[in-house]
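When you line the sequence shown up against the numbering used here, it's residues 515 to 832, in that order. Even for Gly, the Cβ is constructed at its ideal location relative to N, Cα and C. Below: the structure, in structure tokens.
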Amino acid sequence: MLPDFNRLKVFYYIYSHSSVVSAAKALHLSQPAVSQQLQKLEGELGVRLFTRLHKKLVPTAAGKELASMVAPFVEGLASGIERICRPSHEPSGLLRVGAPNEFGKQYLPQVCHAFRREYPGVTFAMTFAESAVILGMLGEGRLDLALSDVFVTHDRVLGLPDIFSTEPLVDEEVILACSRGYYEGKTGDDLSYGNLIRMDFLCDEVDAMVLSHWFRHHFKRVPQDLSVVLTVDSHEAMVSALKLGMGLGITASHLMWEEIRNGSIVPILTPTPNAINRISLVQLQDKVPTLTEKTFFSFVKAAMGKATIQKKFTRLSD
């Protein structure tokens, strides 16, 4: 059973001041009242917390151990209450944000940095993971808001559950790509189904389903035995192998914008437009957003709408 919290507070002040008299003054209580609370706490715990030495209280080993637990709570509570009580007209406090791995790592650090320049009272806790993980955390209340992807093609839409409200942010183009060297040495400019399925493939998913989706979308056929020469749990590692010329891999065109523009990476284009992965801002549907959340939402939309960012999302298949 936990001891009385008021007595723990009294103990904290006695420990901090090394004196019952000083603790009583700080708490605006009488000295006998403070002494009584200390005696009751020691009775509850069954241990002595202080030894009196020449009008000074010296903490025992048990007293020091209890202080190590109580002090961080009391001091953290004070600073936490201060943050909560900041003026409501100004964004402030901790904002917990989740986003897909590659998109989040590429754009959110710079967005958060720019946001804090305008609102230094806001701090961030960022989580980058697969959308299923991010949405699960959002649904459990472990995130305040999230960015998530909705896979969109001409014949299917993988949407979000009804418990979430979404607002489209950007559409990223899903491409199959390879290095210039691999393209010129292996494909022979033949981008037919029969030739492509003979290529080497790289994948950042264990079951390689993303490759099946690409072939189904572009050719209405799913190959049975692709030569997957590298499977990794990191998209960055897959892209590194792709750039080295190890094979073909699925990525988002905006992540390879510079390389596609300078010709070192070649996207595989077919008569069918590339599939689109829609990044949306997501919150719980019934949640009333705070000022900080609403301000950050608007800030993210403005940041992603800048011409320097939007040019990276121009569709290759247009």
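Task: Expected contact under 8 Å - CB spacing of A691 and M770 to nearest Å - done: 6 Å
Open item on the list: Which residue marks the beginning of the beta strand (DSSP E) containing M752, and which one marks its end?
Closed with: Run containing M752: none in the beta strand (DSSP E); it sits in the alpha helix (DSSP H), 749-758.
Task: Endpoints, the beta strand (DSSP E) within which V743 is located - done: Bounds of the beta strand (DSSP E) holding V743 are 741-745.
Open item on the list: My assumption, with CB atoms under 8 Å, is that E681 sits in contact with L830. Please give the rounded CB distance.
Closed with: By a beta-carbon distance limit of 8 Å, E681 does not contact L830. Their separation comes to about 25 Å.
TODO: Identify which residue in V753, L659, K826, S726 has its Cα closest to the Cα of V802.
DONE: L659
Open item on the list: Within 10 Å of its beta-carbon, does K820 have 16 or more other beta-carbons around it, so buried, or fewer, so exposed?
Closed with: It counts as exposed.
Task: Sequence ranges, alpha helix (DSSP H) only - wholly within the segment 526-550, length at least 4 - done: Entirely contained in the segment 526-550, the alpha helix (DSSP H) runs reaching 4 residues are, in chain order, 534-541.
TODO: Find out if the Cβ-Cβ distance for the pair S679, I793 is shorter than 9 Å.
DONE: no
- [ ] Classify E616 as buried or exposed, calling it buried when 16 or more other Cβ atoms lie within 10 Å of its own Cβ.
- [x] buried
- [ ] Using a threshold of 9 Å, state whether the C-beta atoms of R514 and S693 are closer than that.
- [x] Outside the shown range of the chain (515 to 832) lies residue 514, about which nothing can therefore be said.
- [ ] In angstroms with no decimal places, state the Cα-to-Cα distance between G777 and G761.
- [x] About 16 Å.
Task: Simplified DSSP assignment, three categories, for R792 - done: strand
TODO: Give me the Cα-Cα distance between L710 and K734, rounded to the nearest whole angstrom.
DONE: 14 Å
- [ ] Flag this pair as touching only if the segment 525-541 and the segment 581-588 have three or more C-beta atom pairs under 8 Å; answer yes or no.
- [x] yes
TODO: Closer than 6 Å by C-beta to V572: which residues in its own chain qualify, once you throw out the five before and the five after it? Chain order, please.
DONE: T565
Task: Closest Cα partner of E632 within the set I823, T828, T806, D747 - done: T806
TODO: Using DSSP bridges, identify the partner residues of V611.
DONE: M640, L659
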